[in-house]
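Novice:
Residue numbers (full-length UniProt numbering): 1 to 165.
1) Threshold first: 4 residues or longer. Then list the alpha helix (DSSP H) segments lying entirely within the UniProt domain "PD-(D/E)XK endonuclease-like" (42-160), N to C.
2) Can you tell me whether residue 90 is buried or exposed? The criterion is at least 16 other CB atoms within 10 Å of its CB, across all chains shown.
3) Inspect the beta-carbon positions of residue 86 and residue 62 and report whether they are closer than 8 Å.
4) Are the beta-carbon atoms of residue 79 and residue 107 separated by less than 8 Å?
5) Judging by CA-CA distance, which residue of 5, 58 and 88 is the nearest neighbour of residue 46?
6) Within this structure, are the beta carbons of residue 57 and residue 36 separated by less than 8 Å?
7) Name the residue from 102, 40 and 82 whose alpha carbon lies nearest to the alpha carbon of residue 65.
8) Taking DSSP's pairing of strands, which residues face residue 38 in a bridge?
9) Are the beta-carbon atoms belonging to residue 138 and residue 112 less than 8 Å from one another?
10) Given the structure, does residue 65 come close to the ligand PLP, in the sense that its CB is under 7 Å from one of the ligand's heavy atoms?
11) Report the rounded CA-to-CA distance for residue 49 versus residue 120, giving the unit in angstroms.
12) Kindly say whether residue 57, judged by its beta-carbon, lies nearer than 8 Å to any beta-carbon of chain C.
13) Look at the Cβ atom of residue 144, then the Cβ atom of residue 162, and state whether they are nearer than 8 Å.
14) CB-CB under 8 Å to residue 125, same chain, minus the five flanking residues each way: which ones, in chain order?
15) Determine the closest residue to residue 105 out of 83, 118 and 147, with distance taken between C-alpha atoms.
16) Excluding sequence positions up to five away, which residues of its chain have a Cβ less than 8 Å from the Cβ of residue 148?
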C-alpha cells in the first residue's frame with residue numbers, strides 16, 4: 001500500500017515543522033551548536049589549584065571546550081561569573097586547552113558570555129587562596145582564659161586542653 005502524494009507531502013512538511021520546533025525549543029533551553037562532552041556528570045578537580053567543580057555542561061566547539069552553567073536568575077551575578085571562572089580553570093587543566101570564554105544560561109533563556117581574562121583568573125585564584133587561609137585558621141586553637149570556677153563546673157572539662165582549676 002502506498003500513500004497518496006498529497007498525504008506523503010503533508011507528512012514530510014509536518015515532520016520538518018516538528019524538527020524546526022524541536023531545534024527552537026533546544027535553543028531556548030540553552031543548547032547551542034557543539035558536541036556535549038560532559039553534562040553535569042563529571043566532577044573536575046585540580047590538586048595543583050586546589051579547586052573542584054562540576055559544570056552543568058561542557059561543549060566542544062572546534063578545538064575549544066566551553067563550560068556552561070545554567071541559572072534560574074534573569075541577570076548575570078558576580079557569583080555566577082566567579083563560579084564560571086573556576087570552571088574555566090578546571091576545563092583548561094582537564095582538556096589542555098584554555099577556553100576563550102564560558103557561558104551562563106540565564107532563567108529567561110538568554111546567554112551571558114564570560115571572557116576568560118587574566119583578571120578573572122587572578123580574582124578566582126585569590127578568593128580560593130583566602131578560603132584556604134581561613135580554613136587553616138579554623139584549626140588554630142582559640143585561647144581562652146575562663147575563671148577556674150567556671151572550669152570546675154563545666155561539662156566539657158575532660159575534653160578541654162585549656163581547663164583551669
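Virtual Cβ for every residue (Gly too), placed ideally from N, Cα, C.
Specialist: Looking at the coordinates:
1) 78-95, 118-138 and 148-153
2) buried
3) no
4) no
5) 88
6) yes
7) 102
8) 58
9) no
10) Annotation note on the ligand PLP: not contained in the displayed structure, which lists no ligands.
11) 15 Å
12) Absent from the structure: chain C. Only one protein chain is present.
13) yes
14) 49 and 89
15) 83
16) 164 and 165
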